[in-house]
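Under the UniProt record's numbering, the sequence shown has 30 at position 30, and the numbering climbs by one with no breaks.
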Amino acid sequence: MRSTTRSASPSPSSERCPCGLPAPYPRCCGRLHDGSAAAARPEELMRSRYSAFVRRDEAYLLRTWHPETRPDSIDFDPSLRWLGLTVLHSTDGGTFGTDGTVEFRARYRDAGGTGELHERSRFTRHEGRWVYVDGVISD
């Protein structure tokens, strides 16, 4: 997902989380974004990163990107709006796993109309926390 601008303002406590789970944002991805919790599994990290793209939270995205593949900044497309996320498959290597994958589809709208990003993302543990490594985009 590509999209740099500033972070969005805090959401009301009743706002549903953009990641698609039924919990309100502060009890779902919001607690990962504000640093009060860390992702326990690759899927949780991927969902929180999707929510960070929705909210344009560059600091969180960079913080959860592996240092070997992390860009210097993220160029958010001002016309792009994320519309929804579907997780297709995930692996996490179990409780003590060190690598995982998440395959997902993220729907969006931009100046050219609506579209869908289909990616298989790779995650690894780095300094005890899950981080995004890279992904393969497919049709």
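Using N, Cα and C, we set each Cβ at its ideal position, and we do this for glycine too.
{"Query": "DSSP beta-bridge partners of H33", "Result": "H33 pairs with nothing; no bridge assigned."}
{"Query": "For R41, three-class secondary structure by DSSP", "Result": "coil"}
{"Query": "Nearest-angstrom Cα separation, counted from A40 out to W130", "Result": "8 Å"}
{"Query": "Same chain, Cβ closer than 8 Å to R109, five either side skipped, listed in chain order", "Result": "L80, R81, L83 and G115"}
{"Query": "Inter-residue spacing [alpha-carbon to alpha-carbon] between V102 and V87", "Result": "7 Å"}
{"Query": "Buried versus exposed, by CB contacts within 10 Å (16 or more), R6", "Result": "Residue placement at R6 cannot be trusted, given a pLDDT of 41 that sits under 50; what the coordinates show is reported in the next sentence. So R6 ends up on the exposed side."}
{"Query": "Sequence-distant residues of the same chain with beta carbon closer than 8 Å to S138, five excluded per side", "Result": "H118, E119 and R120"}
{"Query": "Length of the line joining the Cα atoms of P26 and Y50", "Result": "15 Å"}
{"Query": "Touch test, the region 43-59 against the region 17-34, Cβ-Cβ under 8 Å, three pairs minimum", "Result": "yes"}
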